[in-house]
Structures are given as structure tokens and as C-alpha cells.
Amino acid sequence: MSETKRLQLEETDARYDGETESVRLDARIGHARLEVIVSAEAIEELVGEAPLSAERLIDGAEAYRVQIADVARRKAGPKVPAGGALLLTGRDMPKRSTKPSGSVH
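Letter 27 of the sequence shown, counting from 1, is numbered 1238 in our numbering, and no numbers are missing.
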């Protein structure tokens, strides 16, 4: 897929939305702008803790920008979603391994 048709997160600050309990990130696909809405559940899944305060949700979204962008790219594909927004939930996030790394059975 051409780089211009891939979702790219903008270098803007993450914004907490208390009404929807989510963090909003600006993005674009080609020249079209969109918003990636990351649910609190999705960020908690990435961070591995719950519940998180609004400040910790924003910090988590900033810390996991690369992973959020990867998930958003897979979900969006090359087209801007209807309404110009893409919602990521806990189900969209990669599952954490419950086994410590390097464990032997």
C-alpha cells in the first residue's frame, strides 16, 4: 500500500473526552483528515492496568502511539471511515501474554 494511503497519526496532543471516556488523536489518510477515538478500555488493555484516570489515559495514549497507529492502520485500511472518525476498542488491541517472557513449561 502506498505511504500516502496509509493512516498516519498527526503530531498533535492527545485529548481526553470525558463524555465518551476516550482519548482522541488527529490522523490523516492521504490528504483527508480524521480522528482516531481510542476508548479507555483500549488504552487500559495496552497499559495493562485498569481503571486509569483521565491524565493516565492521555499519558498511555501518548506512550503507545506507535501501537495505536498500527491497530488503526489495520482497521481503517486505505479509506477514510464514514464520518471521518475511527473508533478503537479493547477488542481491537493485541492481547497481552499472561505468561512471563522466557517461561519454560
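Ideal Cβ placement from N, Cα and C applies to all residues, glycine included.
Does S1264 pass the burial test, meaning 16 or more other C-beta atoms within 10 Å, or should it be called exposed? In the sequence shown, the residue the question calls residue 1264 occupies position 53. S1264 comes out exposed.
Suppose you measure from the CA of I1248 to the CA of V1234; what does that come to, to the nearest Å? By one-based count along the sequence shown, residue 1248 stands at place 37. By one-based count along the sequence shown, residue 1234 stands at place 23. Each residue's Cα considered, the two are about 6 angstroms apart.
Grab me the residues of A1296's own chain with a C-beta within less than 7 angstroms of its C-beta, minus the 5 sequence neighbours each way, in chain order. Position 85 of the sequence shown, counted from the first residue, corresponds to residue 1296. Here the set comprises L1245, E1246, I1248.
If you compare alpha carbons, which of E1266, R1284, D1224 is closest to M1304? The residue labelled residue 1304 in the question sits at position 93 within the sequence shown. Relative to M1304, the option among E1266, R1284, D1224 whose CA is nearest is R1284.
Does D1224 come out as helix, strand or coil in the three-state DSSP assignment? In the sequence shown, counting from the first residue as 1, residue 1224 sits at position 13. Looking at D1224 - three-state DSSP - the assignment turns out to be coil, as it is neither helix nor strand.
Taking the beta strand (DSSP E) that A1243 falls in, what are its first and last residues? In the sequence shown, the residue the question calls residue 1243 occupies position 32. Looking at the DSSP string, the run of the beta strand (DSSP E) that includes A1243 is 1243-1250.
For I1240, write down the residues that DSSP places opposite it in a beta bridge. One-based indexing of the sequence shown puts residue 1240 at position 29. Answer is L1218, A1243, bridged to I1240.
Residue range of the alpha helix (DSSP H) that includes L1298: Counted from its first residue, the sequence shown places residue 1298 at position 87. Where L1298 is concerned, there is no enclosing alpha helix (DSSP H), although the beta strand (DSSP E) around it starts and stops at 1296-1299.
With a CB to CB cut of under 7 angstroms and the five nearest residues on each side skipped, what residues in its chain are close to Q1278? Taking the sequence shown and counting its residues from 1, one reaches residue 1278 at position 67. Closer than 7 angstroms at Cβ, skipping near neighbours: L1257.
Beta-ladder partner(s) of V1234, from DSSP: As a position in the sequence shown, residue 1234 is number 23, starting the count at 1. Paired residue(s): Y1227, V1249.
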